[in-house]
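> Residue numbers (the numbering used here), protein chains in the order written: chain R, 961 to 1246; chain Z, 9 to 343.
Positions of the beta carbon are idealized from the N, C-alpha and C atoms, including for glycine.
The model shown is predicted, which means the values in this text are computed figures rather than measured ones.
This is the structure I have questions about; it appears just below.
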Amino acid sequence: MNQALRDEVRKLFETEKVKSVLGYRQHPLTGEVTPVIIKSADEADQLIFDKRCVYNLSRAVLADMDGPVGVVLKGCDGRALNMRITENDFPREHVVGIAVACQGVVDTATDDLSERCQRCHMRMSPIADVTIGDESAVGKPTKTRAEFVDEIRAMNPKQRATFWKDTFAPCTHCYACRQACPLCNCKVCITDKNNPQWIETSPKPSSNMMWHLIRAFHHAGRCVDCGECERACPEGIKMHLLDLCIAEDVEEMFGFVTGVEDGAQWQFLLYDPNDPDSWLGGPERG
Amino acid sequence: MADCKKVTEKALLEAIGNTGPIFAPDSDGHWEKFQGSGLPRVGTVRPKRPLRDLFTPPAREIARWKKHLSQPQLEPNLPSTEHGIVWGVRPCDARALKWLDEIFLAPPHVDVHYKARRDNLLLLGLACEPNDTCNCGLFDYGPDDPTEVDLMLHPVDDGFLAVVGSEKGRQFLEGVADAADESAPALRDGPKPTWWTGFPEPAALMDAFEHKVWDELQAGCMNCGACTLYCPTCQCFTIVDEAYKNEVRRLRVIDTCQHEAFTRMAGGHNPRTKFSSRLRQRILHKFSYIPERYDDKIGCTGCGRCIELCALRRNVFADLNEIKRQISEEASCGT
Ligand code: SF4
Ligand code: SF4
Ligand code: SF4
Ligand code: SF4
Ligand code: SF4
């Protein structure tokens, strides 16, 4: 896998298909797997891909980078990149997708297959200009998303309110979850707006709830379940469960799965003058 | 050389009881007033949250006033006069306080809350069992350094060896019953990475402000801020007014240079728009601006929290070595 990856990347540089490549390497000093950006074919030999490559590199693609930018992509990363392109963060030509056959990545704390990979239904990136590894060997999910959220969805509204209040209670408003998320792509985050101030700066039950509800609604139909938000949280808060509950609703009610289909827009982001719902000013529903 | 006495747990607890409540890290690594009985059980290294939380908490009220009054009456939040004991202090956290003193105790703007805590809390250190992110050895001290705590305790059978770190500590130890003189345990060296080549010169770092290395390092940082919000030496804050039912409270809340909004001005201009400019600020502030401005001080104690908490497994010391390598290679090429 590593050799094939390095060879492909070298070729991409040599044929001038990319100006830089975002990938993973084992840090020469610390031995930790970290993201790296390389700028030439000679540097390709440091690239690796294995079960320790947890980060979602689609987050690191910036519109002002010297493109095209090659990006090593797992399935979830590719879906996030697909959403970012659909949302006009940058044009499709800005990126060259280097899709790797992902067998799942581990939870760095326990070395077990991470939760998100246990329920992952799309291990190959939909953005795949080149493909590395054996696509047919990626394996199938062993769990469904529903298994993770059924218990919460079965609660009555009061129980659910308590559950979320307790879940968010340790939040310090550090916003590491926001920084980690490839789809937290607003130019100015609502947490940073202070006129009016939607989310108060200090942590307390009201502002915690405000932040987490807004965060989850902004991700409705957009979250790709890469799990990076939860992994980044220094307080170990399981805030991503709420994204999962909403993703379950979105699929049930709208049949929409994020980032799978190229260019497919999530309904909430669309404006259609022929929308059958009258409140948008369209024709009355017949 | 250092004064050292053997104390029993029972006698120590009694002396603590005469001083005031105990503050210690809880099981989530947050500094709290200890509610249990006996001595708090703590881990073997620094807890998740830095010790500064007890002295300059992440959110602290400055004042409050009632809403809708034509002449609002300001009710300032007065410093606590409570005396107490801090249990489980690690040398890296204690050193960080020494640095924070430069900020919060420097006249004319002395932070009265910070000063009250510094005056009224006694720091009882606990010798650590370093983990693989601990880097105190880089700063020439180690896991049982007594210099910045009042007493450094070494757990032994049925009690502790207590090494005196300050005059306050000596006086406290005099109040512990049945303390017997002992020879102080030898100081251990602190851990440091095998690949370490030394700190870059502060002035050379400053000269490297426009260097390409910052952009190279950028891919490995998402500016999440964990490294700064949990760092014992970081001290940045913002001031906000928040509305409650009948009143407004003015709070001082922790902030971080890693976030885009930190430097955004009214009107929208932002001098630090790039990820790389923010990670550069963190490194330059700690390892160049502070040493240049404050004699022999450095904005890091090697506690390793930033390494342990970074979701991208970044290591600030590996970054420093990489920056140093690139700077010195260029110097020797004469470019
Ligand atoms: S909300 Fe979390 S899981 Fe969803 S895309 Fe963002 S980082 Fe990934
Ligand atoms: S990362 Fe965790 S603590 Fe920080 S804002 Fe998100 S949920 Fe809160
Ligand atoms: S860095 Fe050193 S002083 Fe700090 S917890 Fe680790 S061993 Fe103790
Ligand atoms: S914790 Fe890591 S990713 Fe987050 S701001 Fe610090 S260096 Fe960057
Ligand atoms: S920079 Fe890192 S190692 Fe240094 S004091 Fe801060 S958290 Fe600890």
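Determine, for Met230 of chain Z, whether the minimum Cβ-Cβ distance to residues of chain R falls below 8 angstroms.
The residue you call residue 230 of chain Z lines up with position 222 of the second sequence. With 8 angstroms as the cut-off, Met230 of chain Z counts as an interface residue toward chain R.
> Quick check: is any heavy atom of ligand 5 less than 7 angstroms from the C-beta of Gly1035 of chain R?
For the purposes of this step, residue 1035 of chain R is taken as the residue at position 75 of the first sequence. Every heavy atom of ligand 5 is 7 angstroms or more from the Cβ of Gly1035 of chain R, so no.
> Given that Gln1006 of chain R touches chain Z, what residues does it touch there, using C-beta distances under 8 angstroms?
Here residue 1006 of chain R corresponds to residue number 46 of the first sequence, with the count starting at 1. Under the 8 angstroms cutoff, chain Z gives no residues; its nearest Cβ is about 12 angstroms from Gln1006 of chain R.
> How would you list, in chain order, the residues of chain R whose beta-carbon sits under 9 angstroms from the beta-carbon of Tyr175 of chain Z?
The sequence position of residue 175 of chain Z within the second sequence is 167, counting from 1. With the sequence shown as reference, residue 175 of chain Z is identified as Glu, and Tyr is not the correct amino acid for it. What Glu175 of chain Z touches in chain R: nothing, since even the nearest Cβ is about 36 angstroms away.
> Spatial neighbours of Arg985 of chain R within its chain, please: CB distance less than 7 angstroms, with the 5 preceding and 5 following residues excluded, ordered by chain position.
Within the first sequence, numbered from 1, the residue matching residue 985 of chain R stands at position 25. Around Arg985 of chain R: Thr994, Val996, Gln1006, Leu1007 and Ile1008.
> Does the beta carbon of Arg321 of chain Z come closer than 8 angstroms to any beta carbon on chain R?
Counted from its first residue, the second sequence places residue 321 of chain Z at position 313. Cβ-Cβ to chain R under 8 angstroms: yes for Arg321 of chain Z.
> Going by CA-CA distance only, name the one from Z:Gly92, Z:Asp303 and Z:Arg333 that's closest to Lys176 of chain Z.
One-based indexing of the second sequence puts residue 176 of chain Z at position 168. The shortest C-alpha separation from Lys176 of chain Z is found at Z:Gly92.
> To the nearest whole angstrom, what separates the beta carbons of Gln1078 of chain R and Pro1101 of chain R, a pair I think is in contact under 8 angstroms?
Sequence index remark: in the first sequence, residue 1078 of chain R carries index 118 (1-based). Sequence index remark: in the first sequence, residue 1101 of chain R carries index 141 (1-based). Indeed, because the Cβ distance is near 6 angstroms, the residues count as touching under 8 angstroms.
> Check the DSSP bridge columns for Glu83 of chain Z and list the partner residues they point to.
The count along the second sequence starts at 1 and reaches residue 83 of chain Z at position 75. DSSP lists Z:Arg72 as partners of Glu83 of chain Z.
> What are the boundary residues of the alpha helix (DSSP H) that Pro163 of chain Z is part of?
In the second sequence, the residue the question calls residue 163 of chain Z occupies position 155. First-last for Pro163 of chain Z: Leu159 to Val164, but that is the beta strand (DSSP E), not the alpha helix (DSSP H).
> Does the beta carbon of Asn329 of chain Z sit closer than 8 angstroms to a beta carbon anywhere in chain R?
Residue mapping note: residue 329 of chain Z aligns to position 321 of the second sequence, counting from 1. Asn329 of chain Z counts as touching chain R.
> Look at the alpha carbon of Cys1183 of chain R and the alpha carbon of Glu330 of chain Z, and state the distance between them as a whole number of angstroms.
Taking the first residue of the first sequence as position 1, residue 1183 of chain R is located at position 223. Taking the first residue of the second sequence as position 1, residue 330 of chain Z is located at position 322. Taking the straight line from one Cα to the other gives about 36 angstroms.
> According to DSSP, simplified to helix, strand and coil, what is Trp39 of chain Z?
For the purposes of this step, residue 39 of chain Z is identified with residue 31 of the second sequence, where counting begins at 1. Three-state result, Trp39 of chain Z: strand.
> Would you identify the three-state DSSP class for Tyr984 of chain R, choosing helix, strand or coil?
What you label residue 984 of chain R is simply residue 24 of the first sequence in a count that begins at 1. Strand at Tyr984 of chain R.
> Taking 8 angstroms as the CB-CB limit, is Trp73 of chain Z close to chain R?
Translated into the one-based positions of the second sequence, residue 73 of chain Z becomes position 65. False, the Cβ-Cβ gap to chain R never drops below 8 angstroms.
> For Val1021 of chain R and Val1055 of chain R, which I take to be in contact (beta-carbon distance under 8 angstroms), what is that distance rounded to the nearest angstrom?
By 1-based counting over the first sequence, the position of residue 1021 of chain R is 61. By 1-based counting over the first sequence, the position of residue 1055 of chain R is 95. Val1021 of chain R to Val1055 of chain R, Cβ: 6 angstroms. Contact.
> According to DSSP, is Lys13 of chain Z part of a helix, a strand, or is it coil?
In the second sequence, the residue the question calls residue 13 of chain Z occupies position 5. Lys13 of chain Z: strand per DSSP, three-state reduction.
> If the cut-off is 8 angstroms on Cβ atoms, which residues from the region 984–1009 of chain R count as contacting chain Z, listed in chain order?
Hits within the stretch, in order: His987, Leu989, Thr990, Glu992, Val993, Thr994, Pro995, Val996 and Ile997.
> Let me check one thing: in DSSP terms, what residues is Asp189 of chain Z bridge-paired to?
On the second sequence, position 181 is the one that residue 189 of chain Z refers to. Partner(s): Z:Lys13.
> For Gly233 of chain Z, which residues in chain R fall below 8 angstroms Cβ to Cβ?
Within the second sequence, residue 233 of chain Z is the residue found at index 225, counting from 1. By Cβ distance, chain R contributes Cys1134, Tyr1135, Ala1136 and Gln1139.
> For Gly1246 of chain R, count the other beta carbons within 10 Å of its own beta carbon; 16 or more makes it buried, fewer makes it exposed. Which is it?
Sequence index remark: in the first sequence, residue 1246 of chain R carries index 286 (1-based). Because Gly1246 of chain R sits at a pLDDT of 42, beneath the cut-off of 50, its placement in the model cannot be relied upon, and the point is left open.
> Less than 8 angstroms between CB atoms is the rule here; does Ala1061 of chain R satisfy it with respect to chain Z?
Sequence index remark: in the first sequence, residue 1061 of chain R carries index 101 (1-based). False, the Cβ-Cβ gap to chain Z never drops below 8 angstroms.
> Can you list, in chain order, the residues of its chain whose CB lies under 8 angstroms from that of Glu90 of chain Z, leaving out five sequence neighbours each side?
Position 82 of the second sequence, counting from 1, holds the residue named residue 90 of chain Z. These residues qualify, in order along the chain: Gly28, Pro29 and Asn128.
> Can you check DSSP and say which residues form a bridge with Thr990 of chain R?
For the purposes of this step, residue 990 of chain R is taken as residue 30 along the first sequence, with counting starting at 1. Thr990 of chain R is not bridged to any residue.
> Could you work out which residues of chain Z lie near Ala1192 of chain R, taking near to mean beta carbons separated by less than 7 angstroms?
To locate residue 1192 of chain R, count along the first sequence from 1; it is residue 232. The contacting residues are Cys232 and Ala319.
> Among R:Leu1229, R:Pro1233 and R:Asn1234, which residue has its Cα nearest to the Cα of Glu1047 of chain R?
Along the first sequence, read from residue 1 onward, the residue named residue 1047 of chain R stands at position 87. Of the listed residues, the one whose Cα sits closest to Glu1047 of chain R is R:Leu1229.
> Per DSSP, Gly133 of chain Z is paired with what?
The residue you call residue 133 of chain Z lines up with position 125 of the second sequence. Looking at the DSSP assignment, Gly133 of chain Z forms a beta bridge with Z:Val97 and Z:Met160.
> From Gly1242 of chain R to Tyr1231 of chain R, what does the alpha carbon distance come to, in whole angstroms?
For the purposes of this step, residue 1242 of chain R is identified with residue 282 of the first sequence, where counting begins at 1. For the purposes of this step, residue 1231 of chain R is identified with residue 271 of the first sequence, where counting begins at 1. Residue placement at Gly1242 of chain R is poorly supported in this model, since its pLDDT is 49, which falls under 50; the coordinates still yield a value, given next. Whole-angstrom Cα-Cα distance: 10 angstroms.
> Can you tell me which of the three DSSP states Glu976 of chain R falls into?
As a working mapping, residue 976 of chain R is identified with position 16 in the first sequence. Coil.
> When every heavy atom of ligand 2 is checked, does at least one fall within less than 7 angstroms of the C-beta of Tyr1015 of chain R?
For the purposes of this step, residue 1015 of chain R is identified with residue 55 of the first sequence, where counting begins at 1. Incorrect: Tyr1015 of chain R has no Cβ contact closer than 7 angstroms to ligand 2.
> Against Tyr1231 of chain R, what residues of chain Z qualify as contacts under a CB-to-CB distance less than 8 angstroms, listed in chain order?
Translated into the one-based positions of the first sequence, residue 1231 of chain R becomes position 271. Correct list: empty, because the minimum Cβ distance to chain Z is about 27 angstroms.
> Arg333 of chain Z to Trp222 of chain Z, Cα distance in whole Å?
Sequence index remark: in the second sequence, residue 333 of chain Z carries index 325 (1-based). Sequence index remark: in the second sequence, residue 222 of chain Z carries index 214 (1-based). Taking the straight line joining both Cα atoms gives about 13 angstroms.
> Does the contact criterion of 3 or more C-beta pairs under 8 angstroms hold for the region 1103–1115 of chain R versus the region 1155–1167 of chain R?
The region 1103–1115 of chain R is not in contact with the region 1155–1167 of chain R.
> For chain R, find out if any of its Cβ atoms is closer than 8 angstroms to the Cβ of Thr343 of chain Z; answer yes or no.
Against the second sequence, residue 343 of chain Z aligns to sequence position 335. At Thr343 of chain Z the pLDDT is 48, less than 50, meaning the model places this residue with poor confidence and gives no usable figure here.
> Leaving out the 5 sequence neighbours to the left and right, which residues in its chain are closer than 6 angstroms to Asp1067 of chain R when beta-carbon positions are compared?
As a position in the first sequence, residue 1067 of chain R is number 107, starting the count at 1. Contacts found: Ser1074.
> When the distance is taken between beta carbons, is Glu1195 of chain R closer than 8 angstroms to Cys1131 of chain R?
Numbered from 1 along the first sequence, position 171 holds the residue referred to as residue 1131 of chain R. Numbered from 1 along the first sequence, position 235 holds the residue referred to as residue 1195 of chain R. Their beta carbons are under 8 angstroms apart, which means Cys1131 of chain R touches Glu1195 of chain R by this criterion.
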